[in-house]
Structure formats: structure tokens, C-alpha cells
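One structure below.
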Amino acid sequence: MSSVNKSILLVDDDQEIRELLDTYLTRAGFQVRTTPDGAGFRQALNDAPSDLVILDVMLPDEDGFSLCRWIRQHPRQAQVPIIMLTASSDEADRVIGLELGADDYLGKPFSPRELQARIKALLRRAQFGQERSGSEVLAFDDWRLDMVSHRLFHIDGEEVILSGADFALLKLFLDHPQEILDRDTIGNATRGRDLMPLDRIVDMAVSRLRQRLRDTEKPPRLIRTVRGSGYQLAANVVASNGH
């Protein structure tokens, strides 16, 4: 995937990191904008959209978590891929970020080369979603998922905002309805990272998707837990060419 014309917005209060990543990613062909605080980030994203955003957790005026939550509610940028930069020793930051809808995280200190690889992987995933058939809609249970716009609608009219990770996991279940998916398969779809056990990442991702789908009964009705095996989408899926 070409980096040309792909835009990145970075917020980090460390000037050295901003300048380093600006130089490195610009040389790689990205269009880069940087800002040192949350207020500047909000203004920059409202002024012009970005193909991907990078959020530092610790900022002088607000934290990256509140920015992540704000992005997922943004009228135009709710589905933009998000990478969070966290303290390498603090697993709690990773958990919170993923629960709020971040697509990936990277612990400090980090290699710019690894960050670039993560960026390209997320942009490829976003591009793949956009290249699907023009108006394909998947209907399941009380829900309809537009595979082009990634918009999820309940029969009562509510629209649910999905992060890239939410969409990837839901797509995996919809591609394999009624099948039991093991943790390795789900872990690969949710891009589980180092320093956090795979089981925890999978459970967290499924729990977050259940919340999106109102599947909060005990036991859950729509995404079932199959003890010792994995998870199963207990619904039929019907594809159509529109709403």
C-alpha cells in the first residue's frame, strides 16, 4: 500500500518525539501534522480529516483516552484508525485504550520503524474494507451492517459507531456464522499485541462487541461463549445490496 497522500495527525507533548516522527513519516511519504496538546488536536481534526491518528496518553491539558472517546463520537472521523502511545510498563493504559475503541497501541520507548509498520497495517485494513462491493449490507438478528461505510444499524434506527477493531471482529463472526471460532483466530483479527495475554485481549474484544450489539444478557444470546473452545455467533447472516 502506498503512503502517498495518506495523512496522519499526531498529538504528543514531547517536542523531540513530534519532530522525530514528523521527519521519519514524511520521508516515508505520509502527510504529517503534529500538535502538542488535546485542544490543538481537536482543532486540527475539525479543520481537516486524517487517514489515521496517533494519540499520546499523557498530555498537558487532557489525556489521550478522552480524545479517543471524542473521536469515536465525531460526526466525520468516527471510524479513523487510532494508534495510542502508552507507557511501556502500564498494561492498564492498553486495556482502557482498546476498550474505548483504539485500534492498536505501542509502548514507549518505541521504534519509528515499528510504528510505521503498524500504521501501514491499519491503513491496509481500512482500505480493504472500502474496496468491498459497492452496496453490500449484511443483516443478522436485529442488526444491519453496511460493509462499505462500516455503519451498523439496529432495527429501532439507532446507529452504532464501530472502531476498526470492532468492525474487523464483527466481520469475522459474520463471515463464519454458527461456527465456533477459537481464540487464536479471534486474536489475529483483533490484532492482539505483546505484553498482554492473548486470552485477555480476546475476552476484552468480544465483551466490547457484545456491548455494541446490546448482547448483555447472562449468558449472552448473540455471541455465545463455548467453554474450552472459543466463541460463536448464534445468528443467520443474509447479504443484500442495500438498506
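Residues 1 to 243 in the UniProt record's numbering are what the sequence shown lists, from first letter to last.
Just so it is clear, CB atoms sit at the ideal spot from N, CA and C, and this is done for glycine as well.
No experiment lies behind these values; they were computed from the predicted model shown.
For this session: Report the rounded CA-to-CA distance for G192 versus E136, giving the unit in angstroms.
Result: Because the pLDDT at G192 is just 48, under 50, the model does not fix this residue reliably, and the point stays unresolved.
For this session: Please report how far the alpha carbon of Y231 lies from the alpha carbon of T185, in whole angstroms.
Result: 10 angstroms
Exercise. So does the stretch 205-217 actually touch the stretch 156-173, counting three or more Cβ pairs closer than 8 angstroms?
Worked result: yes
Exercise. Under a Cβ-count criterion, where at least 16 other Cβ atoms within 10 Å of its own Cβ denotes burial, should L20 be classed as buried or exposed?
Worked result: exposed
Exercise. Thinking just about the alpha-carbon of each residue, which of P219, A235, G164 and A239 is nearest to the one in G101?
Worked result: G164
Exercise. To the nearest angstrom, how far is it from the Cα of L98 to the Cα of R200?
Worked result: 11 angstroms
For this session: In the DSSP assignment, find the unbroken alpha helix (DSSP H) run with D104 in it and report its ends.
Result: Taken as a continuous stretch (DSSP letters only), D104 belongs to no alpha helix (DSSP H), being part of the beta strand (DSSP E) at D104 to K108.
Exercise. Can you give, in chain order, each stretch of the alpha helix (DSSP H) that sits fully within the UniProt DNA-binding region "OmpR/PhoB-type" (135-235) and has at least 4 residues?
Worked result: 164-175, 183-189 and 198-212
Exercise. Three-state secondary structure (DSSP) at S133?
Worked result: Reliability fails at S133, whose pLDDT of 45 lies under 50, so the model's placement of it is uncertain and no value is given.
Exercise. When the distance is taken between beta carbons, is S7 closer than 9 angstroms to F41?
Worked result: no
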